[in-house]
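Notes follow the structure.
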Amino acid sequence: MRAYLLGTLLTIVALLLPTAGGEAAPVKELGSTVIIEAATGKTIPLKKLAQHLADQNGVVFFGEFHDQPALHTAEDALFNSLIELRDGKITLSMEMFERDVQPILDDYLAGRCTEDEFLLKSRPWPRYQTDYRPMVERARKVGIPVLAANVPRSMAAHYAKTGSLEGLDKRWMARHTYAPEGAYRDNFFKTMSEVHVEGMQVDTSRWQAMYQAQCLKDDTMAESIADRLASHPGELIYQVQGDFHGSYHLGVVEKLHALCPEVPITVLAPVLRDGIQNDAALAAANKDRGDYLVIADKY
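Under mature numbering (1 follows the signal peptide of the UniProt record, and there is no 0), read the sequence shown as residues -24 to -1, 1 to 275, first letter to last.
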């Protein structure tokens, strides 16, 4: 449970992250990581899954626990396979970059600035070097767009603290945001209560405001993807994001479906082995979390 909570916390609470840089790690084999089709419980090879996804336009969501290397290896491997199968006709969309850094991201991809400049101005996540740089560098090498999909963390933090969007630059956030009742809110509050027990003290009176900020992120990412689909019909978008943003087809996935009900959406949800259950049992217990389950060893 602690790993699930940590992944969620990194999505919900960590709003201001320092810069990182360095060399990209080589793409590794999947090793013991397996992908299981949730509906059938059957293991599917990565290449077969990639072929299935490449044959359709729409959006593929790869949910991750941010601190798990095996999941980053899998999302990178799937991205590379999709590039090859789609002949480069794909866009990489990332929670990890925010809308206001899209210009410097575009400049870097086009070779108009150095990597040092890019890293200085784009606020990359602390584990960028190992976790996300390989995908960005691959996109740069083959000329694939990268979408900085998220709302700036400072804006989300302001919203969580004040409950107001007044005075914020509306260009960098969703045109419409709402915080629905129901399963997503219930899951959020359940997670916050578990985090509270785990020792991270967050005042319960702030949970609703934090949930609204979480939904602002979801709405912004969903609108970023929807806008890209509208301007580039027939494209496949590969969105990498924290698990909580799409698990059970909620969060960004639910918001995007409301905006683009006709667009095919596929969700890959991460599952960490607990050392007790086998993969089949883990898949059965988590079958509602996504269309495919990426089962990996916990780091």
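Even glycine gets a Cβ: it sits at the ideal position worked out from N, Cα and C.
Point to revise | C-beta contact flag for Asp195 and His152 at 9 Å | key: yes
Point to revise | Close Cβ partners of Thr138 (< 7 Å) along its chain, the five nearest in sequence each way excluded | key: none
Review point. CB Ala259 to CB Ile12, shorter than 9 Å?
Key: yes
**Study point:** Simplified DSSP assignment, three categories, for Gln217
**Key:** strand
Practice item. In the DSSP assignment, find the unbroken alpha helix (DSSP H) run with Val178 in it and report its ends. Key: Premise fails: Val178 is in no alpha helix (DSSP H) and is neither H nor E.
**Study point:** Contact belief for Thr76 with Pro128 at Cβ below 8 Å, rounded distance in angstroms
**Key:** The question names Thr, but residue 76 in the sequence shown is Asp. Asp76 to Pro128, Cβ: 5 Å. Contact.
Check your understanding: So, using beta-carbon positions, are Gly34 and Asp219 closer together than 9 Å?
Key -> no
Point to revise | Residues of its chain near Lys166, where Cβ-Cβ distance is below 8 Å and the 5 sequence neighbours each way are ignored | key: none
Check your understanding: Cβ atoms of Gln27 and Leu68: under 9 Å apart, would you say?
Key -> no
Review point. Three-state secondary structure (DSSP) at Pro79?
Key: helix
Review point. Under three-state DSSP, which class holds Ala15?
Key: coil
Practice item. Check Ala150 in the structure and name its three-state DSSP category. Key: coil
Check your understanding: Do you know how far the Cα of Gln184 is from the Cα of Asp107?
Key -> 31 Å
Check your understanding: With a cut-off of 8 Å, do at least 3 Cβ pairs link the region 45 to 53 to the region 229 to 240?
Key -> no
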